[in-house]
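**Student:** If you use the numbering used here, the sequence shown corresponds to residues 421 to 1040, in order. Ideal placement from N, C-alpha and C gives every residue a C-beta, glycine not left out. Quick caveat: nothing in here was measured; it's all calculated off a predicted structure.
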Amino acid sequence: MSTMMKKYCLLVILAAVLGTSCHRSVTVTNLNIIPEPVFQVQKEGSYTLKDNPAISMVNLGQNSSTARYIMKSLRHAHLRPTLVSSTENNDIELILNDTVNSELGDEGYLLEVRSTGIRMSANTETGLFYAYQTFIQMLPTDVVKTSYHAITLPECTILDYPRFSWRGAHLDVCRHFFPIKFVKKYIDVMAMYKLNKFHFHLTDDHGWRLPSEKYPRLNTVGSWRVDRDDQPWGQAEPAQEGERTTYGGFYSREELVDLVQYAANRGIEIIPEIEMPGHTCALLASYPQLSCDGQPCEIPIGPYWPPKDIVCAGNDSTLIVFKDLLDEMLEIFPSKYIHIGGDEAVWDKWKQCPRCQRRIRTEHLRDEAELQGWFMRQIEDHLASRGRTVIGWDEVDDGSLSSNAVVMAWRGVQNGMTAARDGSKVIMCPTSHCYLDYYQADSRYQPASIGGLITLSKAYEFDPVPMGTNSHIAANILGGQCNLWTEYINTPSHAEYMLLPRMLAISEKLWSQQEATDWNHFRRKVEDHKNRLSAKGYNYCEGSFTPQFKVRKIDDHTMNVAIETEVPNTYIFYTTDMSTPTRQSAIYLGPINLERGTHIKILPVYNDIERDSIYEYVIK
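1) Opposite HIS590 in the DSSP bridges: which residues?
2) I need the straight-line Cα distance from GLU815 to ALA982, nearest angstrom please.
3) Check whether the region 651 to 664 touches the region 753 to 770, counting contact only when three or more Cβ pairs, one atom from each stretch, lie closer than 8 Å.
4) Which of the three DSSP states is assigned to THR536 in this structure?
5) Whether or not the region 609 to 624 and the region 686 to 700 are in contact is what I'm after, with contact meaning three or more pairs of Cβ atoms, one per stretch, closer than 8 Å; do they touch?
6) Using CA atoms only, rank isn't needed, just tell me which of SER844, VAL731 and LEU876 is closest to ALA861.
7) Do VAL987 and the ligand ZN come close, with the Cβ less than 7 Å from some heavy atom?
8) So, with DSSP's three-state summary, where would you put SER441?
9) For chain B, is any of its Cβ atoms less than 8 Å away from the one on ILE983?
10) Cβ of ILE1020 within 8 Å of Cβ of THR990?
11) On the CB-based measure, 16 or more other CB atoms within 10 Å of its CB, does TYR606 come out buried or exposed?
12) Just list the residues that DSSP pairs LYS950 with in beta bridges.
13) Can you tell me whether PHE459 is buried or exposed, with buried defined as 16 or more other CB within 10 angstroms of its CB?
14) Please work out which residues of its chain come closer than 7 Å, Cβ to Cβ, to LEU431, disregarding the five sequence neighbours upstream and downstream, and give them in chain order.
15) The beta strand (DSSP E) that contains TRP830, what's its start and end?
16) Just the Cα atoms here: how many angstroms apart are SER643 and GLY627?
17) Below 7 Å CB to CB, which residues in the same chain sit around ARG786 once its five sequence neighbours on both sides are set aside?
18) To test your reading of the DSSP string, which unbroken alpha helix (DSSP H) runs of 4 or more residues are found completely within the region 860 to 885?
19) Provide the residue(s) that pair with CYS576 in DSSP beta bridges, ordered along the chain.
20) Below 7 Å CB to CB, which residues in the same chain sit around GLU1030 once its five sequence neighbours on both sides are set aside?
21) Run through DSSP, which three-state label would GLY793 get?
22) What is the DSSP secondary structure of VAL432, reduced to helix, strand or coil?
23) Any idea what DSSP makes of TYR855, helix, strand or coil?
24) Measuring CB atoms only, is the region 730 to 737 touching the region 692 to 709, in the sense that at least three cross pairs come out at less than 8 Å?
25) Considering only residues of the same chain and omitting the five flanking positions on each side of GLY963, which have a CB-CB separation below 6 Å?
26) What does DSSP give as the partner residues of ILE926 in its beta bridges?
27) Please return the same chain residues whose Cβ sits closer than 6 Å to the Cβ of ASP624, not counting the five positions on each side in sequence.
28) Give me the Cα-Cα distance between SER441 and GLU464, rounded to the nearest whole angstrom.
29) Helix, strand or coil, according to DSSP, for ASN543 in the structure here?
30) Mapping the DSSP letters down to three states, classify LEU516 as helix, strand or coil.
31) Helix, strand or coil for ASP647 per DSSP?
32) Return the Cβ separation of HIS590 and THR906 in integer angstroms, given the expectation that the two are a contact with Cβ distance under 8 Å.
33) Taking the C-alpha atoms as reference points, what is the distance between PHE598 and MET923?
34) Looking at the structure shown, is SER505 part of a helix, part of a strand, or coil, going by DSSP?
35) To the nearest whole angstrom, what separates the beta carbons of LEU1111 and VAL461, a pair I think is in contact under 8 Å?
36) Cα-Cα, which of PRO967, TYR855 and TRP939 is closest to ALA915?
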């Protein structure tokens, strides 16, 4: 065959392949919506969405942020939408209700796939935004990577609204600094799963990330530390005398203003946090005159416990500086809420400080605990005069703040319940379920973490309102959030790995009605969403493959043993003769009867990959 003929044949084959891919069609049969809607019914019919859908908008301007977002998102999904003015013969109809549907509230929506088209309606743009997020989850998981000529969706009706008003996610950018591009990616995944409060932890001992014109040393000094980022957290060599501080950074005012708008376009309010009176090394390194002893604080490069450095509460300048910094921050962040920390303050230096002791006497305070309360109230009053409401970690629930302040319960649900009983508004984020810097699977096979264990199933057990809570107390619980502290997390990819898919569990428990949640259904949905997240370029953890046993007594010698892992579709190979299991060993198909004392060894295999190691148990 001649060279020319070979090229011709190659072109014919290539054209055929491209032609096939350009006319690819798919039929969606199962809907795997996270978070689970209030009401969802799938019907017999279907509607086929072509790759050039006609879209009409009723009471929604085409230049509104929601309309622009939807049009851009559809193009990203390889669809070529066209806006039409007619409400007839269109593929997608977006409707802002003329008459408020009280059942939907401000964030709810109604989504219908009919034989004639797709209809989304809501009382607000936020509701329409969430309707669209649900719609996108109905499309194939790889829709952002694969161009489909036609997508056939099942006829269905979805009516949905959130259980809680506060559905949050937190990010610490102080221990490790993350670029604004990643922060936007973090906000994107929040929006995908209908989370609406981004708690931005911007100052701490290890770095100051807020811009300040009035106190520039916070950025030239407080935003930087000695670079040990190539060494494991907790094992870094101490800073050497004269060593340059080159690791860190801070956000510009322009970046943050843009970020606020970016989040708002996705229904998300950014809640900034300035830590006080403890966790202030970065501040005291910049302005040591605000400390009790006037000595500069070295910005730590690893674990720092207990955090004994604290601002001087007896120094009038300390309050002036914090008020100035808050006023600068308020110009950037329009949020109703401002977080002011209040956690883990160590008062040793206050006990030795003449000015702090004089403040205790002149303000008729009993001790250092009341001194912290006095200090925090000055800040609360200042923010109240600016029309803002403060949030503090649950250490502030000691009468130090007014009943208008919000308590963020991190040391346990019980602390939040106490605050709610006392009449405070509460956000639940207990370490037991919501701290996503904890391990999520067998620590031997996971990246180094701060400790603890919160598997996906453990995160899914979270409920901001414990069973049996009376309605009066429950009314004070705004919702909850997941927290991502970054001591051991120094890259965006690692942050995503720790966040996902556990964020999805928190999302469903904050949005979905309690009776609509089901672990087995949720974990099957997660398998679909792993593919969706992967297509969007997110890194995630596959889950925990540690075998879980349910043992039931048959008689004095025999036990019925059921085995599963957290991750569906995991194959379990096992032996009971002390030999090492392989893929040729017996495969677990259902509960088995074993004698007491039997040594069972297990090899988990998922996606054709042997996971973790051999697990061994003795049946008791």
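**Tutor:** In short:
1) Residue pairing by DSSP places HIS590 opposite HIS619 and ASN903 in a beta bridge.
2) The alpha-carbon separation between GLU815 and ALA982 amounts to approximately 43 Å.
3) Contact fails: fewer than three Cβ-Cβ distances are below 8 Å.
4) If DSSP states are grouped into helix, strand and coil, THR536 belongs with coil.
5) Between the region 686 to 700 and the region 609 to 624, the count of Cβ pairs shorter than 8 Å is three or higher; the stretches touch.
6) Checked all of SER844, VAL731 and LEU876; the closest Cα to ALA861 is LEU876.
7) Judged by which ligands are present, the structure shown has none, so any question about the ligand ZN falls away.
8) Only weak support is given to the placement of SER441: the predicted model assigns it a pLDDT of 46, under 50, and the value that follows is read from those uncertain coordinates. Helix, per DSSP.
9) Among the protein chains of the structure shown there is no chain B, as only one such chain exists.
10) Cβ distance not < 8 Å, so ILE1020 and THR990 don't count as in contact.
11) Buried, because 16 or more other Cβ atoms sit within 10 Å of the Cβ of TYR606.
12) According to DSSP, LYS950 bridges with nothing at all.
13) Label assigned to PHE459: exposed.
14) In this predicted model, LEU431 has a pLDDT of only 49, less than 50, meaning its place in the structure is not dependable; the value taken from the coordinates is given anyway. Excluding sequence neighbours, LEU431 sits near nothing in its chain.
15) First-last for TRP830: undefined, no H or E at that position.
16) Roughly 5 Å between the two C-alpha positions.
17) Closer than 7 Å at the Cβ level, and outside the excluded window around ARG786, lies no residue.
18) Runs of the alpha helix (DSSP H) inside the region 860 to 885: 876 to 880.
19) In the DSSP output, where bridge partners are listed per residue, CYS576 has GLN462 and VAL533.
20) Excluding sequence positions up to five before and after GLU1030, its CB lies within less than 7 Å of the CB of LEU1023, all in the same chain and listed in chain order.
21) Helix at GLY793.
22) Any reading at VAL432 needs caution, since the residue's pLDDT is 43, under 50, leaving its predicted position unreliable; the model's value is listed next. Three-state result, VAL432: helix.
23) TYR855 falls in the strand class under three-state DSSP.
24) Cβ pair count under 8 Å is three or more, so yes.
25) If the five residues before and after GLY963 are omitted, its C-beta is found closer than 6 Å to the C-beta atoms of LEU876, GLU986 and VAL987, all from its own chain and listed in chain order.
26) DSSP output for ILE926 lists no bridge partner at all.
27) Apart from the 5 residues on each side of it in sequence, ASP624 sits with its Cβ closer than 6 Å to the Cβ of CYS594, GLU695 and HIS699 in its chain, given in chain order.
28) Confidence at SER441 is low in this model, with a pLDDT of 46, below 50, so the placement of that residue should be treated as unreliable; the coordinate-derived value is given next. Those two C-alpha atoms are separated by around 28 Å.
29) Note: ASN543 maps to coil in three-state DSSP.
30) In the structure shown, LEU516 adopts extended strand secondary structure according to DSSP, grouped into three states.
31) ASP647 sits in coil when the DSSP states are folded into three classes, being neither helix nor strand.
32) Taking the Cβ atoms as the reference, HIS590 lies roughly 10 Å from THR906, outside the contact range of under 8 Å.
33) Cα to Cα, the separation comes out at about 19 Å.
34) SER505 falls in the coil class under three-state DSSP.
35) Because the chain is modelled from 421 through 1040, residue 1111 falls outside the range shown and cannot be assessed.
36) The shortest C-alpha separation from ALA915 is found at TYR855.
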